[in-house]
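Visitor: Take the sequence shown: its position 34, counting from 1, is numbered 34 in full-length UniProt numbering, and each next residue is one higher.
The beta-carbon is built from N, C-alpha and C at its ideal position, and this holds for glycine as well.
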Amino acid sequence: MINKRSVTPISLPALGKSLLLVPALKGIWMENKSKISLIIIFVGLVLNRITRIINKIFDAGIHCGNDIVYVLTNI
């Protein structure tokens, strides 16, 4: 069996760091724009984490609901 984590070519923190280095390397953006991009990336990562947690909660809730309906219909 292949571990899925070992297959992933680039980790999210490394990807985030490389995205943050792009404006610094190119030297195109001003200080304010790079700060705004940092905030946007940070907010995106936080929202991604929150939506994952919400999806897990709803997924568990759907399974519980299906089990209850199954039990009620088979009494």
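(1) What does the alpha-carbon distance come out to for the pair Leu45 and Thr51?
(2) What does the alpha-carbon distance come out to for the pair residue 151 and Ile39?
(3) When burial is assigned at 16 or more other CB atoms within 10 Å of the CB, is Lys4 buried or exposed?
Guide: Once the coordinates are examined:
(1) Going by the C-alpha atoms only, they are around 10 Å apart.
(2) The structure shown does not extend to residue 151, since the chain is modelled only from 1 through 75, so no value can be given for it.
(3) Because the pLDDT of Lys4 is 49, which lies under 50, any placement of that residue in the model is unreliable, and the number read from its coordinates should be weighed accordingly. It counts as exposed.
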